[in-house]
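Remarks on the structure that follows.
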Amino acid sequence: YKTVSGVNGPLVILDHVKFPRYAEIVHLTLPDGTRRSGQVLEVSGSKAVVQVFEGTSGIDAKKTSCEFTGDILRTPVSEDMLGRVFNGSGKPIDRGPTVLAEDFLDIMGQPINPQCRIYPEEMIQTGISAIDGMNSIARGQKIPIFSAAGLPHNEIAAQICRQAGLVKKSKDVMDYSEENFAIVFAAMGVNMETARFFKSDFEENGSMDNVCLFLNLANDPTIERIITPRLALTTAEFLAYQCEKHVLVILTDMSSYAEALREV
């Protein structure tokens, strides 16, 4: 289709589209040959509003062509993602090879039946006494850690990533070995200095082998910030359900994610 009728922020409006579907992935080809991806955000008759992940700068309404794929947004997942660094869209940025995907999963995830869950009573130890003693993390549970401007929240997130481990019970049939514990770390809206700090901290302490790192930088498109936590959680679900690992997910900073939602 070459029926772009308008561009507004990260959104592209298309007219005269045959059977557009909500959440469908769209490939946009710019006049200079650059390809970008987007997702259908709203449908009204033959009109479609597409949210462009890489931003809309440089999009010419008259010369940009759009291709509807007929599929939803899926991310390639593999156990080889551990020890790798990805950007906010899930592309490798550590100069390593492309991950050979074992599966392509919908980033919106699947609903979990609470009836089928094991009652959460096992603990993940963070090594920080204030968290472990006063607000301990049970496996299968999420907790927020609140901070304020000027406080070392990045250092605390990195420290949890370095020190986190399973609390071993004396009699249990579950596998508590270090090889069976993984961490998925997603940083949203961080600057280059903070991203470099996270990467070097994990490498220096030898914890990088069990960490899958997603870095969405402050100069990356805002819309990418909405995808990053979903990619991290989809990867964590794969490692937990398919690879049978115990996975700790750390998302920082959720205020950047909330601001990105407000912009859209």
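Heads up: the sequence shown begins at 176 in this note's numbering, then just goes up one per residue.
Don't be surprised by glycine CBs; every beta carbon is placed ideally from N, CA and C.
Which one of the options has the shortest CA to CA distance from residue i?
{"i": "HIS478", "options": "VAL182, TYR176, LEU203 and GLY181", "result": "Residue 478 cannot be examined here, being either before or after the span of the chain that is shown, 176 to 439."}
{"i": "THR410", "options": "GLN285, VAL439, ASN380 and GLU378", "result": "GLN285"}
{"i": "ILE402", "options": "TYR432, MET383, MET367 and ASP376", "result": "TYR432"}
{"i": "ILE293", "options": "ILE303, ALA313 and ASP278", "result": "ALA313"}
{"i": "ARG405", "options": "TYR416, ALA415 and LEU280", "result": "LEU280"}
{"i": "TYR197", "options": "VAL182, VAL179 and VAL224", "result": "VAL224"}
{"i": "ARG249", "options": "PHE413, GLY220 and GLY325", "result": "PHE413"}
{"i": "ASN262", "options": "LEU436, PHE389 and GLU434", "result": "PHE389"}
Starting from residue i, trace the beta strand (DSSP E) in both directions and tell me its first and last residue.
{"i": "LYS222", "result": "222-227"}
{"i": "THR369", "result": "No beta strand (DSSP E) contains THR369, which is instead part of the alpha helix (DSSP H) from 367-379."}
{"i": "MET298", "result": "298-300"}
{"i": "GLY181", "result": "179-183"}
Compute the Euclidean distance between the alpha carbons of residue i and residue j, then round it to the nearest angstrom.
{"i": "VAL422", "j": "GLN316", "result": "11 Å"}
{"i": "GLN214", "j": "ILE200", "result": "5 Å"}
{"i": "MET309", "j": "ILE303", "result": "10 Å"}
{"i": "LEU408", "j": "VAL359", "result": "8 Å"}
Report the three-state DSSP secondary structure of residue i (helix, strand or coil).
{"i": "MET384", "result": "The sequence given here places Asp at residue 384; Met does not occur at that position. Correct three-state label for ASP384: helix."}
{"i": "GLU277", "result": "coil"}
{"i": "ILE247", "result": "coil"}
{"i": "ILE425", "result": "strand"}
{"i": "ILE335", "result": "helix"}
{"i": "ASN288", "result": "coil"}
{"i": "ASN329", "result": "helix"}
{"i": "LEU436", "result": "helix"}
{"i": "MET283", "result": "coil"}
I'd like to confirm the pairing. Which residues does DSSP put opposite residue i in its beta bridges?
{"i": "GLU242", "result": "HIS202"}
{"i": "ARG210", "result": "THR204"}
{"i": "SER219", "result": "LYS222"}
{"i": "PRO267", "result": "PHE261"}
Would you mind reading off the limits of the alpha helix (DSSP H) that contains residue i?
{"i": "PHE413", "result": "399-416"}
{"i": "GLY308", "result": "304-309"}
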